Amino acid sequence: MTLSQVPASYRVSSRRDETHDTVTLTLEPAGDPIAAVRAGQFTMLYAFGIGEIPISVSGRPGQHALAQTIRAVGAVTTALCAMPAGQIVGVRGPFGTCWDEADAAGRDLLLVAGGIGLAPLRSALLAALSDRQRYRRVIALIGARSPAELVFGDEIDDWRASGAEVMVTVDRADASWHGNVGVVTQLIRRTGVDPPNTTALICGPEVMMRLTARSLLATGMSAGNIRLSLERNMQCGVAECGHCQLGPLLLCRDGPVVSYQVAEPLLATREL
Amino acid sequence: MSGVSIRELGQHAFARGLTTRQLDALAALAVSVEWPAGCRLFEEGDKAARLWLLRSGRVALDLRVPGRERILVETLGPGDELGLSWLTSAAQWQFGAIAQLPVSAFEFSSAALVDLCEADHELGYQLTRRLLVTAIARLQAARIRILDLYAAPAPAAGGTA
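In the order they appear, the protein sequences are chains W and Z.
So in numbering that gives the first Met the number 0, spot 248 of the first sequence is number 247, and the numbers just go up one at a time.
So in numbering that gives the first Met the number 0, spot 55 of the second sequence is number 54, and the numbers just go up one at a time.
Structural data, given as structure tokens:
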């Protein structure tokens, strides 16, 4: 068994309920920590006795503690979401490619998030805002199912105060909501994107990412300046088991962050 | 209300790509309007006879439902077109509209637009094409929302996630 396959022990130091089914856990090393995590990478989180799942980091890179945002959709995620402070979890990683948001130095950085896809992008956003002068505009377009299902909603004012332009839209809302209603791609034209000088990072359901990438291409952006975070069945995390294969890519190693130039033909291929 | 220059109109996404002559003809019909937040622009069922090109602010389209609060259908913002229902034979607003934020817009009479298109088929083609693109984009957006993409995925058979 290689070192990357042995989980490190981390203790849940705090938990924050984001929505009715989504929790952000802050994890502190209970022994030797894993290597430094970069924005966009993921870890394998192990709920002992139940199972292991891939979860992207959602906190600012370079921190001692890990922030991981988890939605309860199955046995492992439900167990992780229910964990109280003090509980021990296993952590393997970090794995995969990163957003490389620093590449957008001197350019506009556009982040487009759908649903819990905001979690991996939060990591890049916090990194960018901690070095705000490096970029021209930092724009975050966020889509959610409803106002109640918007994750990190209580941080948006802080992001704006730190120099980000943030627009939120929801699929459905009652009359108490005074924000945008509609799909996130509709916000793109309202931001006044500067296509040749923009780097876009997209994370959300795959259909949403495809549509967003197409909308950005329609503005004149090049596919090479658009990056997506793809998800498949990551298991080993070290490109050995093949469960996360997408054409020539093993997404635990070659992803999750992939240029749209590479991803576009793969996402359009049936039964890949 | 005030007149509109072709320079102002030409900056709106709807008018991009029109020739100076076409912009001139369109600007002659345009009126610059502003509404404060909370101002209701029209109600569902009213006669539909205007097109607005939004320049700033936000407009919410809504629907009255007996016994419930109004349902928010969609919001529109800068660069968007408001008011397509006059294109249908019924020419009635299908939804209500209210300014969520202070709004500025270019306003057009639909009858004047139709007359302009009848008189200048090339401009008519350009305007019809733009309105069709908008209608298709809204149809596609509505379809995507029906998919409910952000709903929790059903667990895969045999999966543990």
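Note that the Cβ used here is the ideal one computed from N, Cα and C, for glycine as well.
No experiment lies behind these values; they were computed from the predicted model shown.
- Ile70/Z and Leu148/Z have their C-alpha atoms roughly 20 Å apart.
- Rounded to the nearest angstrom, the Cβ distance from Ala48/Z to Ala90/Z is 7 Å, consistent with a contact under 8 Å.
- CA-to-CA, the gap between Gly9/Z and Gln125/Z works out to about 14 Å.
- Between Glu27/W and Ala81/W, the C-beta spacing is not below 7 Å.
- Assignment of Tyr45/W by DSSP, reduced to helix, strand and coil, places it in the strand class.
- Taking 7 Å as the cut-off, the beta carbon of Arg231/W is found closer than this to the beta carbon of Leu245/W.
- Annotation: Leu140/W to Leu200/W spans about 10 Å, alpha carbon to alpha carbon.
- Remark: C-beta atoms of Val137/W and Ala126/W do not approach each other more closely than 7 Å.
- If you check each beta-carbon in the stretch 156-183 of chain W against every beta-carbon of chain Z, the ones closer than 7 Å belong to Asp170, Ala172, Asp173, Ala174, Trp176, His177, Asn179, Val180, Gly181 and Val182.
- Neighbourhood of Leu71/Z in chain W, by CB distance below 8 Å: Arg171, Ala172, Asp173, Ala174, Trp176 and Val180, in chain order.
- Beta-carbon to beta-carbon, Gly92/W and Ala74/W are separated by about 21 Å, too far to satisfy the 8 Å threshold.
- It is roughly 15 Å from the alpha-carbon of Thr21/W to the alpha-carbon of Pro53/W.
- Three or more Cβ pairs closer than 8 Å define a contact, and the stretch 38-45 of chain W meets that threshold against the stretch 94-102 of chain W.
- Within the stretch 191-216 of chain W, the residues whose Cβ lies closer than 7 Å to some Cβ of chain Z are Pro204, Val206, Met207 and Leu210, listed in chain order.
- Cβ-Cβ distances below 7 Å link Phe107/Z to Leu28, Ala29, Arg49 and Leu50 in the same chain, with the five nearest sequence neighbours on each side left out; the list follows chain order.
- Each of Ser31/Z, Ala140/Z, Phe13/Z and Thr133/Z was checked against the Cα of Gly2/Z, and the nearest Cα belongs to Ser31/Z.
- Per DSSP, reduced to three states, the secondary structure at Gly95/Z is strand.
- Chain W has no Cβ within less than 7 Å of the Cβ of Ile135/Z.
- With the criterion set as a beta carbon lying under 8 Å from some beta carbon of chain Z, the stretch 223-236 of chain W has no members that meet it.
- Collapsing the DSSP output to three states places Glu239/W in coil.
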